[in-house]
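Numbering (our numbering), first residue to last: 656 to 1076. For each residue, glycine too, the CB sits at the ideal point set by N, CA and C.
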Ligand code: CTP
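Here it is, written out as C-alpha cells:
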C-alpha cells in the first residue's frame, strides 16, 4: 500500500465487476481510482448486480454502468464495447469470478464486460475472487495460466477468511493493492489519447506499407525442407494493425497456418529467394517496410528433384547463402523510406541489434530473445526492445504481439510525423 495516492489524471480505466461477494469492494476501488483522478467506466455482469447495485457504482464513478451488449433501450449503440475497448488505458476485472475467468480465457463475449475485453487494445488486469477450492481447481488454474499467456496481468488471490467460512486463498486483493497495480501498469503504457494522436484510425491513410512474415522453407528435395519455428504472428498482426490505421498494406508471407488479413494484399512465397523477388519488386512504392520474416540465411546448394534415398553414411549438406533481403533494401533506401528490421538474438543482444541497424542501414530495429519466456517464436506475447537509429533503446514490457504491433506503429508513425514525411 502506498502512502501518497498515485496520480491517474487523464487516464481511462474500465472496471469490470462480476458476481462475487467481493463485488461490494468494487465500490471502494471506484472511489480510490476516482480519488487518483482517473476516469472510470464501470461494467457489470448481470450476476454482479445481485451483490452490489449499479446505482452505487454509477454514483461513485459518475457515469452509467453498462451490463448488456444489446441494451433494452436499443438506440443503435450496440458497438459501445468496441468504442470502450479503444477508449480504455487499462481494463481491470475486479472481482473476477471463476466463471468470468473461464469466459475470458476462451474468448466468450456474452456480456458487455466480456465483449469489451475482446475489443480492448489496452493491458488487462484480472483480480480473482472465489472460494478456496474453486481457486485451487485445475480448471481455474489452467484458465488463469491461459490469461497470462494471452498477456493479461493476473494478481494472485489473497489468503484469508472466505465467505464460505473456509480459510485459504481466494480473497480478492485489497482495493488499495489493486489501485497501486493499476497505477504501475498505466505508467508503462501510453494513454489512449497519446495512442490516437500518433496512431489514430487514419494515421497511415495513403501510406504504402510492406510487411514480411513467417519462416521461409528451403527445399532439400520434393519432400523435405530446411526451415525454422516462426509462426508468422508478429508480421500478420502488424499487417492487420497497419491496415486498420488506413495503410495500403502488402504482406509477403512464407508458409504459415494463419488466416490472411482481409484488408491486405497477400503474396505467398516459400523460399528466401522468392521472398526477395517479391519484396524487391515492391521496394519502389513502399514507404514503410517491416521485415518481420524469419528468413533462412542458408539453403541447400543442390536441391534434388527426386526424393533423396538414405544410405548407411552420414549426410553432409552443402548450403549456400540466401540473399539478405533487408540489407539490399537498406542499400537502395530512399530518404523518405522507413525500414524496420527485427533481430532475434540470444547473446550480446543490444550490441548485435545495434550492429544490424547500422549494417543494414535501418531506421528501427525490434530486438527480441527467443530463449526468454514469453518472447520470440511461438508465444502470443513478446518482450521487445526497440532501437532507433541514432537514438536510445526503449524496453517495452512483455505484452501481447497485437500490442507490440500497435506500439511499433505508434513509435514509427510519431517519428515520421515529427520529421514531416
Ligand atoms: N533478414 C533478411 N534476409 C535474410 C536474413 C535476415 O531480410 N537473409 C532480415 C530479417 O527479416 C530481420 C533482420 O534481417 O528483419 C535481422 O535478421 P536476423 O536473422 O536477426 O539476422 P541476420 O541478418 O540473419 O544475422 P545473424 O543470423 O547472423 O544473426
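Near the ligand CTP: residue i beta-carbon under 7 angstroms from a heavy atom
i            : result
residue 1003 : no
residue 758  : no
residue 908  : no
residue 996  : yes
residue 1011 : yes
residue 950  : yes
residue 977  : yes
residue 927  : yes
residue 687  : no
residue 676  : no
residue 946  : yes
residue 1051 : no
residue 805  : no
residue 893  : no
residue 980  : yes
residue 999  : yes
Residue i beta carbon near the ligand ZN (any heavy atom closer than 7 angstroms)
i           : result
residue 724 : Here the bound small molecules are the ligand CTP; the ligand ZN is not part of this structure.
Boundaries of the beta strand (DSSP E) in which residue i is found, first to last residue
i            : result
residue 801  : Unbroken run through residue 801 is the alpha helix (DSSP H), 793–805; no beta strand (DSSP E).
residue 1040 : 1040–1043
residue 826  : 822–826
residue 989  : Run containing residue 989: none; DSSP gives neither H nor E here.
residue 756  : Counting along the chain, residue 756 falls outside any beta strand (DSSP E), though it belongs to the alpha helix (DSSP H) covering 753–760.
residue 696  : 694–699
residue 976  : 974–976
residue 946  : 943–946
residue 867  : 863–868
Presumed contact (8 angstroms Cβ cut-off) between residue i and residue j, rounded CB distance
i           : j            : result
residue 996 : residue 1017 : 5 angstroms
residue 770 : residue 764  : 4 angstroms
residue 813 : residue 881  : 51 angstroms between Cβ atoms; not a contact.
residue 685 : residue 712  : 6 angstroms
residue 782 : residue 810  : 5 angstroms
residue 767 : residue 722  : 6 angstroms
residue 683 : residue 706  : Not quite, the Cβ-Cβ distance comes to about 14 angstroms (not below 8 angstroms), so this is no contact.
residue 859 : residue 890  : The Cβ separation is near 16 angstroms, so there is no contact.
Range of the contiguous alpha helix (DSSP H) that encloses residue i
i            : result
residue 903  : Per DSSP, residue 903 belongs to no alpha helix (DSSP H); it is in the beta strand (DSSP E), 903–908.
residue 1058 : 1056–1074
residue 685  : 680–690
residue 741  : 735–742
residue 921  : Note, residue 921: premise wrong, no alpha helix (DSSP H); beta strand (DSSP E) at 919–923.
residue 837  : 830–842
residue 899  : 888–899
residue 929  : 927–937
residue 1008 : 1004–1014
residue 623  : The chain is shown only over 656 to 1076; residue 623 falls outside these bounds and no answer can be derived.
Cβ-based burial, residue i [other Cβ within 10 Å; buried from 16]
i            : result
residue 725  : exposed
residue 1072 : exposed
residue 657  : Low per-residue confidence applies at residue 657: pLDDT is 46, beneath 50, and the placement is therefore not dependable enough to give any value.
residue 1068 : buried
residue 736  : buried
residue 1045 : exposed
residue 671  : buried
residue 798  : buried
residue 786  : buried
residue 691  : buried
residue 1010 : exposed
residue 775  : buried
residue 961  : exposed
residue 680  : buried
residue 1037 : buried
residue 795  : buried
residue 1057 : buried
Proximity test, Cβ basis, 8 angstroms: residue i and chain C
i           : result
residue 858 : Looking for chain C here will not work: only one protein chain is present.
Beta carbon of residue i nearer than 8 angstroms to that of residue j
i            : j            : result
residue 826  : residue 772  : no
residue 894  : residue 878  : no
residue 956  : residue 871  : no
residue 663  : residue 831  : no
residue 869  : residue 1035 : no
residue 751  : residue 673  : yes
residue 999  : residue 1025 : yes
residue 1008 : residue 1022 : yes
residue 888  : residue 865  : no
residue 981  : residue 930  : no
residue 875  : residue 963  : yes
residue 841  : residue 666  : yes
residue 935  : residue 909  : no
residue 1020 : residue 1042 : yes
residue 1027 : residue 1040 : no
residue 661  : residue 838  : yes
residue 992  : residue 941  : yes
residue 943  : residue 921  : no
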